[in-house]
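Q: Just so we're on the same page, the numbering used here is the position in the sequence shown counted from 1, plus 372.
Ideal Cβ positions, reconstructed from N, Cα and C, are used throughout, including at glycine.
Values in this document were obtained by computation on a predicted structure and should not be read as measured data.
Before I ask anything, let me first share the structure, which is written out below as structure tokens.
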Amino acid sequence: MDPNVNSVTFKVSNYRLIIAIGFVKILMFIILIYSNFDLNWIFTLLILVSFPSTIYELSIKLIVDQDGLVIRRLFRKDVRIIWDDILEQHYFNLGQREMRYLLLRKAIPTLRPIFIPKEFQANVFILEAWEQPTRLLSLIEPHLPAKSPADQLFVPFTVDRNLRKALPLLIAIGIAIVLFSLNTFR
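Right, dumping it as structure tokens:
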């Protein structure tokens with residue numbers, strides 16, 4: 373990359389949530405250390421094991437430069453998508469949200485977006501996975517060979533119905549964990 377040409381860097385779209393989760397993990401770890409450690413060693417171990425994934429998620433960056441897109445990840449090889457690898461832009465509706473994505477010419481097996489059928493996962497780059505997707509799209513659009521077609525490539529999986537069925541169970545499990553934690557810390 374030419375050092376005179378500007379590149380723009382984007383973080384993952386949910387980086388604030390990841391930071392909050394990391395902060396909660398640190399607080400829980402501190403609380404568990406100063407409480408009855410014999411009962412909470414499993415929770416402490418789970419927090420310690422999950423903390424590196426939080427750091428890894430925060431380290432992921434998308435760089436837009438004159439050659440294309442580069443995804444930088446901690447301890448992994450960079451993923452480069454050159455402008456010629458992008459076929460076209462599509463979108464699908466997921467509930468109330470419109471998800472925009474790029475259809476890639478060649479498969480990139482390290483990209484695994486959710487809500488997309490397996491046969492398309494390696495060839496799809498979701499723009500909403502990054503912060504400021506509208507700005508990102510404005511940087512990418514001049515390099516797109518074709519405008520968005522009217523038809524969708526696929527119908528995404530919807531999780532609304534299954535999530536509504538599982539929500540009472542998830543709430544009950546959450547309440548049980550909170551009550552167990554409060555009872556343990558007394």
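Check whether the Cβ atoms of Arg452 and Val442 lie closer than 7 Å to each other.
A: For Arg452 and Val442, yes; Cβs fall inside 7 Å.
Q: For Asn555, name the three-state secondary structure that DSSP assigns.
A: Asn555: helix per DSSP, three-state reduction.
Q: What is the DSSP secondary structure of Phe446, counted as helix, strand or coil?
A: The sequence given here has Leu at residue 446, not Phe. DSSP places Leu446 in coil when its eight states are reduced to three.
Q: Using 8 Å as the cut-off, can you tell me whether the segment 377 to 396 makes contact with the segment 493 to 507, which would need three or more C-beta pairs spanning the two stretches below that distance?
A: Judged by Cβ distances under 8 Å, the segment 377 to 396 makes contact with the segment 493 to 507, as three or more pairs qualify.
Q: Should Ile512 be counted as a contact of the ligand SAM given a C-beta to heavy atom distance under 6 Å?
A: Inclusion of the ligand SAM in the displayed structure is not the case, the ligand content being empty and no account of it being possible.
Q: Give every residue of the same chain whose Cβ lies closer than 6 Å to the Cβ of Glu429, excluding the five residues on either side of it in the sequence, and list them in chain order.
A: Result list for Glu429: Ile390, in chain order.
Q: On the DSSP bridge assignment, give the partners of Thr426 in chain order.
A: Answer is none; Thr426 lacks a bridge partner.
Q: I need the DSSP call for Ile453, collapsed to helix, strand or coil.
A: Residue state, collapsed to three classes: strand.
Q: DSSP beta-bridge partners for Met471?
A: For Met471, which the question treats as bridged, DSSP gives the partners Phe464.
Q: Along the chain, which unbroken stretches of the alpha helix (DSSP H) at least 4 residues long are found entirely within the segment 489 to 516?
A: Runs found: 490 to 493, 505 to 512.
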